[in-house]
Structure formats: structure tokens, C-alpha cells
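Chemist:
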Amino acid sequence: MDKSNKNKWTNKFRDLGKKKGSRKDFINLYKEMKKEKDEKRETYINKDDENK
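Numbers 13 to 64, taken from this note's numbering, label the letters of the sequence shown in order.
(1) Give the straight-line distance between the Cα atoms of GLU48 and GLY33, rounded to the nearest whole angstrom.
(2) Just the C-alpha distance for ASN23 and ILE57, rounded to the nearest angstrom, thanks.
(3) Enumerate in chain order the residues of its own chain whose CB-to-CB distance from LYS59 is below 6 Å, with the five nearest sequence positions on each side excluded.
(4) Go through its chain and collect everything with a Cβ distance to ARG26's Cβ below 8 Å, but skip five positions before and after it.
Written out as C-alpha cells, the structure is:
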């Protein structure tokens with residue numbers, strides 16, 4: 013994750029904290045972040061495999 017991506021997720025977590033989000037809201041946001049991170053990793057690995 014590059015710096016702008018980290019900033020995006022940090023801001024989302026902060027906003028949720030200010031809204032007094034529930035534990036489930038935080039869990040859902042974390043899962044969303046993890047899913048996006050895994051998708052980017054897969055595309056990076058697939059591009060790397062194509063170049064070999």
C-alpha cells in the first residue's frame with residue numbers, strides 16, 4: 013500500500029471513530045481494506061509472472 017492509500021484508510025478509520033461507529037463497523041472496514049490490499053497484491057503477482 014502506498015502512502016496515499018494508507019492515508020485514505022487512516023482517514024476512514026478516524027471518521028468512523030468520530031461517528032462513534034460500532035465494533036462491527038470497524039470490522040467491516042478492516043475487511044474491506046484487507047480485500048483491496050489482497051486484490052492489489054494478486055494483480056502485482058500476476059503482472060510479475062507475465063514478465064518472467
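Ideal placement from N, C-alpha and C gives every residue a C-beta, glycine not left out.
Modeler: Result, derived from the coordinates:
(1) Position 36 of the sequence shown holds residue 48. Position 21 of the sequence shown holds residue 33. C-alpha separation (whole angstroms): 21 Å.
(2) Here residue 23 refers to the residue found at position 11 of the sequence shown. Here residue 57 refers to the residue found at position 45 of the sequence shown. Going by the C-alpha atoms only, they are around 28 Å apart.
(3) For this step, residue 59 is matched to residue 47 along the sequence shown. None.
(4) As a working mapping, residue 26 is identified with position 14 in the sequence shown. Contacts found: none.
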